[in-house]
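In the numbering used here, the protein residues as written are 20 to 442.
Glycine included, C-beta positions come from ideal geometry on N, C-alpha and C.
Below is one structure, written out as structure tokens; comments come after it.
See below:
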């Protein structure tokens with residue numbers, strides 16, 4: 020990695036650290052520490068999603084016109100202001116406004132950093148770069164949540180003020196670090212259209228990108244949108260999983276990502292992207308079957324707990340396969356210079372799925388146990404079906420970038436026919 024890419028990965032890790040540092044404790048902070056009630060606390064979490072949905076359509080155009088670095092710096096300053104304001108807020112109005120600023124800033128960071136990765140990588144190194152991003156993001160989330168949990172004390176409002184102040188300082192420190200990044204010119208992606216003014220009409224006219232967004236929505240809806248809502252509710256209500264076992268399941272998910280990320284990378288890089296996504300759908304179908312056994316089977320409590328933990332671990336394996344696959348594919352589908360808009364559009368789809376997923380899955384997981392499992396088992400199989408269809412819209416190089424490298428070698432003078440044995 021060059022110096023620019025190293026700083027970008029530092030930015031990814033620290034932004035994820037900030038998310039894990041404070042977001043898990045927002046509900047307790049608003050509802051109990053500031054004594055604003057459960058309704059206001061729920062609205063704060065909703066404001067995060069709404070703020071992201073509002074700013075992301077404009078973020079893509081801003082990245083195209085101004086470049087990803089200025090947009091990232093503006094997002095960091097906004098998030099720092101939101102974090103500090105949230106730590107000092109005492110009324111419902113100030114809490115909601117502060118949460119909107121923090122949520123908007125953190126939402127814009129994702130496509131800006133993704134576009135910087137695209138600009139600082141090549142088609143050959145992009146999958147590895149995004150795999151590293153995903154690895155560091157999960158590491159940052161886990162460490163942030165661990166440290167934040169030891170700092171806060173629900174009986175002392177000052178501990179939460181300190182928590183948000185540290186987050187604000189971290190974002191400002193990140194402004195200083197990212198200001199030193201020297202961005203290269205945007206690389207030309209093979210098979211992309213000439214430079215053009217970004218527009219939603221142009222993006223919607225790209226059938227492959229539209230299909231990828233549909234696949235992305237189902238991916239995030241059926242997996243990430245269920246982690247802390249429907250699936251956890253199902254585990255507690257149907258499978259009788261204890262809170263400690265639920266924590267172990269979440270840890271198993273992170274551990275699987277950390278262990279498997281680079282182990283599966285070489286395997287993924289040499290396969291068609293559409294087939295990798297299709298395989299993830301099948302793996303997640305098995306995960307939902309394991310969850311079904313945990314809650315609907317008649318095994319012992321130990322077997323149910325083991326099956327439920329396996330569900331989260333299998334989700335982690337699928338996530339590790341997707342990280343070097345989906346994000347680089349978004350970049351390769353973008354016309355030259357429009358990676359920022361395409362990244363923002365895909366981030367918008369992700370946020371929409373994450374907003375709808377808990378709203379649908381939470382009530383189902385808590386009360387409609389069998390329909391919940393069947394529904395999301397079908398969604399997982401739907402991922403496989405949609406991925407196969409997506410593969411028909413991709414060029415051979417878009418679907419399998421390693422082919423481009425093979426062609427370069429062939430053009431450089433490698434023999435097309437096998438050499439004689441005596442040679």
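With a minimum length of 4 residues, the unbroken runs of alpha helix (DSSP H) contained wholly in the segment 309-386 fall at 320-341, 345-352, 358-386. For residue 254, the enclosing alpha helix (DSSP H) has its first and last residue at 249-256. Take the alpha-carbon of residue 370 and the one of residue 130: they are about 12 Å apart. Counted as a single uninterrupted DSSP element, the alpha helix (DSSP H) harbouring residue 138 occupies residues 111-138. With contacts defined by Cβ atoms closer than 8 Å, residue 85 and residue 200 do not form a contacting pair.
Comparing C-alpha distances from residue 312 to each of 345, 257, 368 shows the shortest one belongs to 257. Take the alpha-carbon of residue 401 and the one of residue 41: they are about 35 Å apart. Take the alpha-carbon of residue 306 and the one of residue 191: they are about 40 Å apart. Taking residue 107 as the centre and dropping the five residues before and after it, the same chain places the C-beta of 180 closer than 7 Å to its C-beta, in chain order. Residue 277 is positioned such that its CB atom lies closer than 8 Å to that of residue 158.
Taking the Cα of residue 156 as reference, the smallest distance to any Cα among 133, 36, 75 is reached at 36. Distance from the CA of residue 245 to the CA of residue 34, rounded to the nearest whole angstrom, comes to 23 Å. Here residue 138 is buried, its C-beta having at least 16 other C-beta atoms within 10 Å. Per DSSP, residue 414 lies in no alpha helix (DSSP H) and is assigned neither H nor E. DSSP places residue 407 in the helix class (H, G or I) of the three-state scheme. Only residues of its own chain outside the window of five on either side were considered, and among them 30, 127, 128, 131, 132, 135, 197 have a CB closer than 8 Å to the CB of residue 91, listed in chain order. Here the segment 385-392 makes no contact with the segment 285-294; the two share fewer than three CB pairs at distances below 8 Å. Minimum Cα-Cα distance from residue 286 among the listed residues 340, 321, 248 corresponds to 340. When DSSP assignments are scanned along the segment 21-109, the uninterrupted stretches of alpha helix (DSSP H) that are 4 or more residues long and fall wholly within it turn out to be 22-41, 56-85, 87-107.
For residue 221, the uninterrupted alpha helix (DSSP H) run begins and ends at 219-223, by DSSP. Sixteen is the threshold: when 16 or more other Cβ atoms of the shown chains lie within 10 Å of the Cβ of residue 250, as they do, the residue is buried.
With fewer than 16 other beta carbons inside 10 angstroms of its own, residue 172 counts as exposed. In terms of Cα proximity to residue 252, the closest of 381, 109, 71, 78 is 381. The DSSP-derived three-state label of residue 300 is helix.
Closest in C-alpha terms to residue 98, from the list 112, 195, 81, 121, comes 121. Counting C-beta atoms within 10 angstroms of its own C-beta, residue 189 has 16 or more neighbours from the protein chains shown and is therefore classed as buried.
One Cα belongs to residue 333, the other to residue 143, and the distance between them is close to 28 Å. Under the 8 Å Cβ criterion, the segment 314-330 does not count as touching the segment 408-415, having fewer than three qualifying pairs. Residue 285 sits in a helix when the DSSP states are folded into three classes. The Cβ atoms of residue 39 and residue 124 do not sit closer than 8 Å to each other.
Across the set 79, 55, 48, the C-alpha of 79 shows the shortest separation from the C-alpha of residue 358. Here the alpha carbons of residue 230 and residue 330 stand approximately 27 Å from one another. The beta carbon of residue 375 lies closer than 8 Å to those of 240, 244 in the same chain, with the five residues before and after it left out. Put simply, the backbone Cα of residue 202 is about 11 Å away from that of residue 89. By the C-beta density criterion, residue 174 is exposed, having fewer than 16 other C-beta atoms within 10 angstroms.
Non-local C-beta neighbours of residue 50 in its own chain, meaning closer than 8 Å and more than five positions away in sequence, comprise 56, 57, 59, 60, ordered along the chain.
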